Amino acid sequence: MTPPPERPAPASGRARNRARPAPLRFDGWIAGVGTSSGTRLVVGHWVRTPFGPFSDVMLERADGHRLLMAPTPRTARFIAGTYAFDEVRVVPVSVHTGDRSWTVEAESLLRLCFTVGRRGATGLLLRAVPGALAASPAWTAVTDPLARLLMGVRTRGSAGGGRREWYGARDLHALTSATASFEGRNLGALAPVAPPVRFGFGSTPTRPSLVRVTTTVRETPG
-19 MTPPPERPAP
-9 ASGRARNRAR
1 PAPLRFDGWI
11 AGVGTSSGTR
21 LVVGHWVRTP
31 FGPFSDVMLE
41 RADGHRLLMA
51 PTPRTARFIA
61 GTYAFDEVRV
71 VPVSVHTGDR
81 SWTVEAESLL
91 RLCFTVGRRG
101 ATGLLLRAVP
111 GALAASPAWT
121 AVTDPLARLL
131 MGVRTRGSAG
141 GGRREWYGAR
151 DLHALTSATA
161 SFEGRNLGAL
171 APVAPPVRFG
181 FGSTPTRPSL
191 VRVTTTVRET
201 PG
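First residue of the sequence shown: -19, per my numbering; consecutive thereafter.
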């Protein structure tokens, strides 16, 4: 009689961890700004991340050229591996926040100042969701269809390098004014973020906004 085939031994806890890496969490704010010159900017101001606090700027010109400005080689590599850019520059990025005003500087390349408006109805709804639930990737199964319908944005999808990404929005404010210059050139007045930026699977809301968000990224097993 032929003996039955041996069953593989259950994977150890360590092997399971290698097969499914722990998700990476980034907690902070994302500002989406359009300008009358056609340049659109996305600012990430992250207060808690696996890399420590940092800020970065993604910029797309009217001609479609996409630029990342990040403060360290490590953050630049991670962001460029998650999103798509035509150019990456490692430069100091600073964000100064006041009661209603933010100032963003990327060395001598970029200066952006914007004013934050009051919290609207959407922001009030987001604030009403408990923080732990709002930050959970599972909650995006509820928020993604609504975000697509109401704001034309996505809260979950496939990112670069085989990664998966989830955006847990927790607050929302409209921006009321902005001034920006890049490489010494005035980018014009505040305008809608249109056309949508093309860094990843989703854009920011068309209306310039500041979003409180917890972003979860899961790496490819391996």
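For every residue, glycine included, the Cβ atom is placed at its ideal position computed from N, Cα and C. Since we're looking at a predicted model, the values are computed, not measured.
- Take Phe181, set aside five residues on each side of it, and the residues of its chain with a beta-carbon closer than 8 Å to its own are Arg134, Gly137, Ser138, Ala139, Glu145, in chain order.
- A distance below 6 Å between beta-carbons, with the five flanking residues on each side excluded, links Ile10 to the following residues of its chain, in chain order: Gly24, Val191, Val193.
- Contact annotation, Ala60 with Val70: C-beta distance approximately 10 Å; criterion of less than 8 Å not satisfied.
- The segment 15 to 24 and the segment 164 to 171 touch, with no fewer than 3 CB-CB distances between them shorter than 8 Å.
- Under the three-state reduction of DSSP, Asp124 is assigned to helix.
- With fewer than three CB-CB distances shorter than 8 Å, the segment 112 to 126 does not count as touching the segment 156 to 163.
- According to the DSSP assignment, Gly111 belongs to no beta strand (DSSP E) but to the alpha helix (DSSP H) extending over 111 to 114.
- For Arg57, the secondary structure class from DSSP, reduced to helix, strand or coil, is helix.
- Nearest to Phe94 by alpha-carbon distance, out of Gly100, Val109, Arg107, His76, is His76.
- Counting every other CB atom within 10 Å of its CB across the protein chains shown gives Gly148 a total of 16 or more, marking it as buried.
- Residue pairing of Trp146 in beta bridges, as defined by DSSP: Arg136, Thr196.
- It is roughly 36 Å from the alpha-carbon of Ser88 to the alpha-carbon of Ala127.
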